[in-house]
Amino acid sequence: MNADHASLAKQFSRRIVAEALLHNAPISRADLARATGLSKQTTSLVIADLEAGGWVKPVGVVTGGVGRNAVTYEIAGDAAFSLGVDLGGTKVTAAIANLVGEIVVETTEPTDPRGGRDVLRQIRALADRICADAGIKSERIRSVVVGTPGVVDPASGAVALVPNIKGLSDFSVPKALAEHFGREVAVENDVNLAVLGEAWQGSARDCRNAAFLSLGTGVGLGLIVNGTLVRGAAGAAG
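Residues 50 to 287 (our numbering) are what the sequence shown spells out, left to right.
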């Protein structure tokens with residue numbers, strides 16, 4: 050196996066072990082191996098690597114059977130955090146979640162009626178405030194995702210067809226936010242994010258096809274068909 054293949058194999062193993070921990074913790078290495086299909090040796094190496102990096106922690110032991118007691122593990126929820134922003138026509142919500150999806154802090158306020166870059170300044174101020182409230186340093190925010198009404202142009206980053214928030218089509222929203230947060234910011238249609246969330250952790254988790262209907266300031270529909278988010282030819286499906 051060459052270096053590239055070995056690196057990909059390591060990333061794959063880390064990912065499936067992390068997913069198994071997320072859904073089955075606390076869990077022993079032997080049970081992780083059974084759940085993931087990896088060998089016991091590979092599972093032990095991955096756990097040791099993740100534990101050394103602070104991503105996984107031991108939480109107890111299980112007894113029974115022959116041999117030594119087995120240590121159980123779980124994701125270290127406070128190892129890193131994600132910032133999510135729900136930008137709506139009437140209100141904007143910002144929240145920080147830990148690695149296991151628990152909301153640490155959340156706040157909501159009316160959307161700045163001036164729109165455009167004033168709304169982005171509002172998002173940045175909200176994010177800074179909740180980080181301070183939760184005592185979380187900005188460098189511990191490892192991902193930033195903004196859900197917005199309308200259609201996000203993947204090439205320009207402009208957000209079009211948002212009648213309740215003017216001015217978002219005049220510039221690259223992801224780029225403008227990335228300059229503040231110091232990292233790449235994902236900007237996606239809010240209902241698309243909702244259906245992806247349901248497919249990942251919610252009621253559509255085991256479904257190949259799903260629809261999410263949103264009724265709020267506007268009406269939107271997120272679609273997953275054969276396990277893939279449907280965007281449409283112009284990115285405006287739903």
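For glycine and all other residues, C-beta sits at the position ideal for the given N, C-alpha and C.
*Return the chain-ordered ranges of every beta strand (DSSP E) run that is complete within the region 165-219 and spans a minimum of 3 residues.*
Within the region 165-219, the complete beta strand (DSSP E) runs of at least 3 residues are 190-197.
*If you draw a straight line from the alpha carbon of GLY103 to that of ALA125, how long is it in whole angstroms?*
Reading the sequence shown from its first residue, position 54 is the one you call residue 103. Reading the sequence shown from its first residue, position 76 is the one you call residue 125. Going from the Cα of GLY103 to the Cα of ALA125 covers about 7 angstroms.
*My guess is that LEU132 and ILE190 are in contact by the Cβ rule of under 8 angstroms, so how many angstroms apart are they, rounded?*
The residue you call residue 132 lines up with position 83 of the sequence shown. The residue you call residue 190 lines up with position 141 of the sequence shown. At roughly 5 angstroms, the Cβ-Cβ gap stays under 8 angstroms, so LEU132 and ILE190 are in contact.
*With DSSP as the reference, label VAL66 as helix, strand or coil.*
Along the sequence shown, one-based indexing puts residue 66 at 17. If DSSP states are grouped into helix, strand and coil, VAL66 belongs with the helices.
*Start-to-end residues for the beta strand (DSSP E) that takes in THR91*: Position 42 of the sequence shown, counting from 1, holds the residue named residue 91. Taken as a continuous stretch (DSSP letters only), THR91 belongs to no beta strand (DSSP E), being part of the alpha helix (DSSP H) at 89-101.
*Using the rule of at least 16 other Cβ atoms within 10 Å of the residue's Cβ for burial, across every protein chain shown, is ARG232 buried or exposed?*
As a working mapping, residue 232 is identified with position 183 in the sequence shown. ARG232 comes out exposed.
*Between the CA atoms of ASN258 and GLU123 - distance to the nearest angstrom*: Counted from its first residue, the sequence shown places residue 123 at position 74. Counted from its first residue, the sequence shown places residue 258 at position 209. Each residue's Cα considered, the two are about 30 angstroms apart.
*One or two residues paired with ASN147 in a DSSP bridge*: For the purposes of this step, residue 147 is taken as residue 98 along the sequence shown, with counting starting at 1. PHE130, per the DSSP bridge assignment.
*When burial is assigned at 16 or more other CB atoms within 10 Å of the CB, is PRO107 buried or exposed?*
Position 58 of the sequence shown, counting from 1, holds the residue named residue 107. Answer is exposed; the Cβ neighbour count stays below 16.
*Note down the Cα distance separating ALA79 from ILE65, rounded to an integer number of angstroms.*
Along the sequence shown, one-based indexing puts residue 79 at 30. Along the sequence shown, one-based indexing puts residue 65 at 16. Pairing ALA79 with ILE65, the inter-Cα distance amounts to about 14 angstroms.
*Determine, using beta carbons only, whether VAL168 and ALA235 come nearer to each other than 8 angstroms.*
Along the sequence shown, one-based indexing puts residue 168 at 119. Along the sequence shown, one-based indexing puts residue 235 at 186. Their beta carbons are not under 8 angstroms apart, which means VAL168 does not touch ALA235 by this criterion.
*Compare the C-alpha of VAL274 against each of ASP202, SER93, THR112 and ALA253 and name the closest.*
Residue numbering aside, residue 274 sits at position 225 when the sequence shown is read from its first letter. Closest option to VAL274, Cα to Cα, is ALA253.
_The beta strand (DSSP E) enclosing ALA121, as first and last residue numbers_ = Residue numbering aside, residue 121 sits at position 72 when the sequence shown is read from its first letter. Here residue 121 is Thr; the residue named in the question, Ala, does not match the sequence. Note, THR121: beta strand (DSSP E), 119-124.
*Range covered by the beta strand (DSSP E) that runs through ASN238*: Residue 238 sits at position 189 when you count from the first residue of the sequence shown. First-last of the beta strand (DSSP E) with ASN238: 234-238.
*Inter-residue CB distance, THR160 and GLY138 (contact presumed, cutoff 8 angstroms)*: Start at 1 with the first residue of the sequence shown, and residue 160 comes out as number 111. Start at 1 with the first residue of the sequence shown, and residue 138 comes out as number 89. Under the criterion of beta carbons closer than 8 angstroms, THR160 and GLY138 qualify as touching, at roughly 6 angstroms.
*So, is GLY276 buried or exposed, given that buried needs 16 or more other C-beta atoms within 10 angstroms?*
Reading the sequence shown from its first residue, position 227 is the one you call residue 276. Label assigned to GLY276: exposed.
*If you compare alpha carbons, which of ARG178, LEU242 and ALA82 is closest to VAL201?*
The residue labelled residue 201 in the question sits at position 152 within the sequence shown. Comparing alpha-carbon positions, the option among ARG178, LEU242 and ALA82 lying closest to VAL201 turns out to be LEU242.
*From the DSSP output, read off the bridge partner residues of GLY269.*
Translated into positions along the sequence shown, residue 269 becomes position 220. DSSP, once it has assigned bridges, lists SER263 as partnering GLY269.
_Let's see if you can read the secondary structure: which residues bound the alpha helix (DSSP H) around PRO223?_
Counting from one through the sequence shown, the residue named residue 223 turns up at place 174. The continuous alpha helix (DSSP H) containing PRO223 extends over residues 222-230.
*Measure the C-alpha to C-alpha separation of LEU71 and ALA248 and round it to an integer number of angstroms.*
Taking the first residue of the sequence shown as position 1, residue 71 is located at position 22. Taking the first residue of the sequence shown as position 1, residue 248 is located at position 199. Each residue's alpha carbon lies about 15 angstroms from the other.
*Which word fits PHE261, buried or exposed, when buried means at least 16 other C-beta atoms lie within 10 angstroms of its C-beta?*
Counting from 1 along the sequence shown, the entry for residue 261 is found at position 212. The residue in question, PHE261, is buried, as its Cβ has 16 or more Cβ neighbours within 10 Å.
*Determine the contact status of THR92 and LEU81, defining contact as a CB-CB distance below 8 angstroms.*
Sequence index remark: in the sequence shown, residue 92 carries index 43 (1-based). Sequence index remark: in the sequence shown, residue 81 carries index 32 (1-based). Cβ atoms of THR92 and LEU81: closer than 8 angstroms.
_Cutting at 8 angstroms between CB atoms, please list the residues of its own chain near PHE130, excluding the five before and the five after it._
Counting from one through the sequence shown, the residue named residue 130 turns up at place 81. By the criterion of a C-beta distance shorter than 8 angstroms, PHE130 is surrounded in its chain by ILE145, ALA146, ASN147, LEU148, VAL153, ILE185, ARG189, ILE190 and ARG191, once the five residues flanking it on both sides are discounted.
*Report the rounded CA-to-CA distance for LEU99 versus SER62, giving the unit in angstroms.*
In the sequence shown, residue 99 corresponds to position 50, counting from 1. In the sequence shown, residue 62 corresponds to position 13, counting from 1. One Cα belongs to LEU99, the other to SER62, and the distance between them is close to 11 angstroms.
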